[in-house]
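Protein chains: 2
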Amino acid sequence: MPPRSYVSPARSAAAAETRERVIEAASRTLREGESIARFSLDTVAKAAGVTRLTVYNQFGSRRGLLEAVFDEIARHGGLHQLADAMAMADPRAALDRMVEIFCAFWSRDSAVARLHDAMATDPEFAEALRERNERRRRGVTALIDRIAGKGASPQTRKDAVDLIFALTSYPTFALLSTGRSRDEVCRLVQAACRAALAPLINPSS
Amino acid sequence: MPPRSYVSPARSAAAAETRERVIEAASRTLREGESIARFSLDTVAKAAGVTRLTVYNQFGSRRGLLEAVFDEIARHGGLHQLADAMAMADPRAALDRMVEIFCAFWSRDSAVARLHDAMATDPEFAEALRERNERRRRGVTALIDRIAGKGASPQTRKDAVDLIFALTSYPTFALLSTGRSRDEVCRLVQAACRAALAPLINPSS
DNA sequence: AATTAGATATACATAATGTATAGTCAATCC
DNA sequence: GGATTGACTATACATTATGTATATCTAATT
Chain A
326 MPPRSYVSPA RSAAAAETRE RVIEAASRTL REGESIARFS LDTVAKAAGV
376 TRLTVYNQFG SRRGLLEAVF DEIARHGGLH QLADAMAMAD PRAALDRMVE
426 IFCAFWSRDS AVARLHDAMA TDPEFAEALR ERNERRRRGV TALIDRIAGK
476 GASPQTRKDA VDLIFALTSY PTFALLSTGR SRDEVCRLVQ AACRAALAPL
526 INPSS
Chain B
326 MPPRSYVSPA RSAAAAETRE RVIEAASRTL REGESIARFS LDTVAKAAGV
376 TRLTVYNQFG SRRGLLEAVF DEIARHGGLH QLADAMAMAD PRAALDRMVE
426 IFCAFWSRDS AVARLHDAMA TDPEFAEALR ERNERRRRGV TALIDRIAGK
476 GASPQTRKDA VDLIFALTSY PTFALLSTGR SRDEVCRLVQ AACRAALAPL
526 INPSS
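Taken in order, these protein sequences are the chains called A and B.
Read in order, the letters of the first sequence are residues 326 to 530 in the numbering used here.
Read in order, the letters of the second sequence are residues 326 to 530 in the numbering used here.
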């Protein structure tokens, strides 16, 4: 006979709370730790005041926890502003705004640096993050299509998209951040992205 | 009484040979493995036909082995051509050539991808690789100084240097390599670098 | 009062790095 | 030729992580 099952408001609320506490502890550990190498589920569990097994119950694996942390950061990272940016009348202004939004996102929580490091050791996590980045690529593609003149070949468009995609990526942001404020990086990337648009209109190559 | 010590041509030659064999096995393992996570000294030692302890005797640690692999790749990676490139009369042509040399370098041995992944988990190894990249930065700086007009401010120069440094980095190369041949990536990066030079002469901002 | 979901306690399997100690064997020195 | 030395081996051990298994506890539901 099948065991009767039921949903419990109080229980699932408590579970959700511990889940959030674990995510918070994990992102704090990522922020404060100097390397992803030191990031262990044991440390996180202790910081959250739970057992390591609870982490497994909630997230399934280390990878699951890391994805949950990234999604939590993304939720509060200001990416919802992208909708407004994409709706702007001037696609170049929209691109500038897009760069601004992503610079703010990359610099908001230093845990994102460690999460990108985690891509190196966990291919499936890397794939998961890459999929989340595809949204950025789609946004860039849409803007390029609006900016490009009729004469722009598909290859020229693809080049512009991929170049701007690379310029707005986290690795580029991190490389440019040595000795630069967030705003300074933003202006530099904006200038580079504008320069990358040139081949789309000027048919001189 | 101090133990007498001596140098042994035959022994050090044999040691150098096993050292090379281990490096070769390590880079092969990195190339064939799908992730740095699977890269263990045990695997390398077996592939080289030696004991894991021999690896420790020769390289001290996992990090030491990885550095040795990178240096070996760099030695045969064509970076010596940089001297000729830097000696070119036209600094813009030199920059084009530089981009070419680095695109060839990044694409030559797929083990470099895994080595960059290793930066994520080993901060000291990351630092070691960063130092080796400083040579590229110095080269870019020298070219920018030759290209920049008198009116170019230090900040404008720094911006150009850092931007080109980022454009010629491995992460950028890897990001642009999806669906592009080495030469195509090279041309795209060259164009982006040329565009990054504009603020150096045109004082219109 | 019985049941159930979430969390705990404890143990175990596996894999990796790194250290320690003793032993093997051929090249070198006297 | 015999003692010594350097590279390598064999074996063992300590430590740290991830991930799985099993039994138990507790408070919320039925």
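From the three backbone atoms N, C-alpha and C, an ideal C-beta is built for every residue, glycine too.
Nonlocal neighbours in the same chain, by C-beta distance under 7 Å from residue i, ignoring five residues either side
i, result
"residue 510/B", "428, 498, 501, 502"
"residue 481/B", "524, 525"
"residue 326/A", "The predicted model places residue 326/A with a pLDDT of 40, which falls under 50 and marks its position as unreliable; any figure quoted below should be read in that light. None."
"residue 464/A", "407, 411, 423"
"residue 425/A", "511"
"residue 472/A", "416, 417, 522, 525"
Within-8 Å CB hit, residue i to chain A
i, result
"residue 490/B", "yes"
"residue 523/B", "yes"
"residue 513/B", "yes"
"residue 327/B", "Model confidence at residue 327/B stands at a pLDDT of 47, short of 50, so the residue's coordinates are unreliable; what they give is reported in the following sentence. So, not an interface residue."
"residue 496/B", "yes"
"residue 470/B", "no"
"residue 367/B", "no"
"residue 487/B", "yes"
"residue 396/B", "no"
"residue 484/B", "yes"
Residue i in three-state terms, based on DSSP
i, result
"residue 359/B", "coil"
"residue 530/B", "Any reading at residue 530/B needs caution, since the residue's pLDDT is 45, under 50, leaving its predicted position unreliable; the model's value is listed next. Coil, per DSSP."
"residue 337/B", "helix"
"residue 421/A", "helix"
"residue 414/B", "coil"
"residue 283/B", "Only positions 326 to 530 of chain B appear in the structure, and residue 283/B is not among them; the question remains open."
"residue 475/A", "coil"
"residue 385/B", "coil"
"residue 435/A", "coil"
"residue 330/A", "coil"
"residue 447/A", "coil"
"residue 375/B", "coil"
"residue 506/A", "coil"
"residue 402/B", "coil"
"residue 364/B", "coil"
Proximity below 8 Å, CB of residue i to CB of residue j
i, j, result
"residue 567/A", "residue 367/A", "Residue 567/A falls outside the range modelled here, since chain A spans only 326 to 530, and no answer is possible."
"residue 515/A", "residue 421/A", "yes"
"residue 388/A", "residue 449/A", "yes"
"residue 493/A", "residue 360/B", "no"
"residue 520/B", "residue 521/A", "yes"
"residue 430/B", "residue 462/B", "no"
"residue 383/B", "residue 344/B", "yes"
"residue 513/B", "residue 513/A", "no"
"residue 392/B", "residue 338/B", "no"
"residue 373/A", "residue 346/A", "yes"
"residue 390/B", "residue 375/B", "no"
"residue 468/A", "residue 399/A", "no"
"residue 496/A", "residue 479/B", "no"
Closer than 8 Å to chain B by CB, residue i
i, result
"residue 526/A", "no"
"residue 361/A", "yes"
"residue 351/A", "no"
"residue 435/A", "no"
"residue 421/A", "no"
"residue 446/A", "yes"
"residue 501/A", "yes"
"residue 520/A", "yes"
"residue 409/A", "no"
"residue 517/A", "yes"
"residue 442/A", "yes"
Cβ shell of residue i (< 8 Å), same chain only, five flanking positions each side left out
i, result
"residue 394/B", "348, 351, 352, 355, 436, 440"
"residue 330/B", "none"
"residue 505/B", "513"
"residue 507/A", "428, 429, 432"
Same chain only: Cβ atoms within 6 Å of residue i, ignoring 5 sequence neighbours per side
i, result
"residue 438/A", "none"
"residue 433/B", "402"
"residue 477/A", "525"
"residue 458/A", "none"
"residue 397/A", "348"
"residue 358/A", "364"
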